[in-house]
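Residue numbering for the sequence shown follows our numbering, starting at 4 and increasing by one per position.
We put the CB at the ideal spot given by N, CA and C, even for glycine.
Below is one structure, written out as structure tokens, with a few remarks after it.
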Amino acid sequence: MEKLNILTQRLNIRHLELTDLVDFHVYRSNPDVTKYQGFDVMTLEQAEAFIVMNTARQPWQAGEWVQYAIENKETGKLIGDCAIKPDQHDIRIIEIGITISHLEQKKGYAKEALLAILKFLFEEKQIHRVVETVDAENIASINLLKSVGFRQEGHFIENIFFKGKWGSEFQYAMLKREWDA
Numbered sequence: 004m005e006k007l008n009i010l011t012q013r014l015n016i017r018h019l020e021l022t023d024l025v026d027f028h029v030y031r032s033n034p035d036v037t038k039y040q041g042f043d044v045m046t047l048e049q050a051e052a053f054i055v056m057n058t059a060r061q062p063w064q065a066g067e068w069v070q071y072a073i074e075n076k077e078t079g080k081l082i083g084d085c086a087i088k089p090d091q092h093d094i095r096i097i098e099i100g101i102t103i104s105h106l107e108q109k110k111g112y113a114k115e116a117l118l119a120i121l122k123f124l125f126e127e128k129q130i131h132r133v134v135e136t137v138d139a140e141n142i143a144s145i146n147l148l149k150s151v152g153f154r155q156e157g158h159f160i161e162n163i164f165f166k167g168k169w170g171s172e173f174q175y176a177m178l179k180r181e182w183d184a
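This is the structure we're talking about:
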């Protein structure tokens, strides 16, 4: 299995391991962190089951989300995670997502991780297109995507029944040629 290992100035983006469980659970059990996510707060047991299930997944499989750890290189602590999913019909199209712990937000980690992931996808994997779907109320994520050059391509009005109510989403995308420019 191909092991992901992306290094930045402050981060190591790598496979999620069971040794990450405590740190993973800290933010995945926080309602503020899960507010706009496709998952809800997790118990310790659910977090452990998720990591075990994720570890068994094969990266780069069409339609299959794989979650990766975002580790602070200096402390060795998990500060978040990111997800990569090749499109079901064309693996040159990738959907991504990033979650940063509430204890580590507003420090530039999300942008640093996102830029490193984009560089890896476009320059090493030769991906054609990267997309992210974001809750229309998630202003921080919207601003992050815009700040690195994503374009808004769609606005889906009340398209998802999410955590007990109808929600709206934006779709953002970037092409390899836009990254290269």
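Exercise for the section: Report the residue from R132, V25, G170, R154 whose alpha carbon sits nearest the alpha carbon of I160. Expected result: Along the sequence shown, read from residue 1 onward, the residue named residue 160 stands at position 157. The shortest Cα separation from I160 among R132, V25, G170, R154 belongs to G170.
Problem - C-alpha gap between Q91 and R17, whole angstroms - result: Residue 91 sits at position 88 when you count from the first residue of the sequence shown. Residue 17 sits at position 14 when you count from the first residue of the sequence shown. Their Cα atoms are separated by approximately 23 Å.
Exercise for the section: Over the uninterrupted alpha helix (DSSP H) stretch that includes E48, give me the two end residues. Expected result: Within the sequence shown, numbered from 1, the residue matching residue 48 stands at position 45. Element bounds for E48: 47-59.
Handout entry: Alpha carbon of H28 to alpha carbon of Q61, nearest angstrom
Key = Translated into the one-based positions of the sequence shown, residue 28 becomes position 25. Translated into the one-based positions of the sequence shown, residue 61 becomes position 58. Each residue's Cα considered, the two are about 23 Å apart.
Exercise for the section: Report yes or no: is there a C-beta of chain C within less than 9 Å of the C-beta of P89? Expected result: Protein chains in the displayed structure number just one, and chain C is not present.
Problem - Unbroken stretches of the beta strand (DSSP E), 3 residues or longer, contained in the region 62-149 - result: Secondary structure in the region 62-149: the beta strand (DSSP E) runs of 3 residues or longer, each lying completely within the stretch, are 69-75, 81-89, 96-103, 132-138 in chain order.
Handout entry: Outcome for K88 when other beta-carbon atoms lying within 10 angstroms are tallied against a minimum of 16
Key = For this step, residue 88 is matched to residue 85 along the sequence shown. So K88 ends up on the buried side.
Exercise for the section: Compare the Cα-Cα distances from E74 to each of K166, I97, H158, C85 and report the closest residue. Expected result: For this step, residue 74 is matched to residue 71 along the sequence shown. The option with the nearest alpha carbon to E74 is C85.
Exercise for the section: For R180, name the three-state secondary structure that DSSP assigns. Expected result: Within the sequence shown, numbered from 1, the residue matching residue 180 stands at position 177. Helix at R180.
Problem - Own chain residues within Cβ distance below 6 Å of I94, not counting five before or after - result: On the sequence shown, residue 94 is found 91 positions in, with the first residue counted as 1. For I94, where only same-chain residues beyond five positions count, the Cβ hits under 6 Å are A65.
Handout entry: Where R31 sits in the DSSP three-state scheme
Key = For this step, residue 31 is matched to residue 28 along the sequence shown. Three-state result, R31: helix.
Problem - Unbroken beta strand (DSSP E) run spanning L19, endpoints - result: Position 16 of the sequence shown, counted from the start, is the residue given in the question as residue 19. Premise fails: L19 is in no beta strand (DSSP E) and is neither H nor E.
Problem - Cβ-based burial, M56 [other Cβ within 10 Å; buried from 16] - result: Counting from 1 along the sequence shown, the entry for residue 56 is found at position 53. Exposed: under 16 other Cβ atoms inside 10 Å.
Practice task
Grab me the residues of A50's own chain with a C-beta within less than 8 Å of its C-beta, minus the 5 sequence neighbours each way, in chain order.
Solution key: For this step, residue 50 is matched to residue 47 along the sequence shown. So the qualifying residues of the chain are L24, F27, H28, R31, S32.
Handout entry: Beta-carbon proximity list for K76, same chain, < 7 Å, skipping 5 on both sides
Key = Looking up residue 76 in the sequence shown gives position 73. Same-chain partners within the cutoff: R13, L14, N15.
Practice task
Could you check the C-alpha separation between L81 and I120 for me, to the nearest Å?
Solution key: Counting from one through the sequence shown, the residue named residue 81 turns up at place 78. Counting from one through the sequence shown, the residue named residue 120 turns up at place 117. Going by the C-alpha atoms only, they are around 17 Å apart.
Problem - Bounding residues of the beta strand (DSSP E) (the contiguous stretch that carries Q155) - result: Translated into positions along the sequence shown, residue 155 becomes position 152. Run containing Q155: 154-165, per the beta strand (DSSP E) assignment.
Problem - Proximity to A211 [Cα-Cα], best of P34, L21, V44, V69 - result: The question about residue 211 has no answer, for the chain in this structure spans 4 to 184.
Practice task
Just grab the DSSP bridge partners of F1 for me.
Solution key: An answer regarding residue 1 cannot be provided, because it is not within the stretch 4 to 184 covered by the chain.
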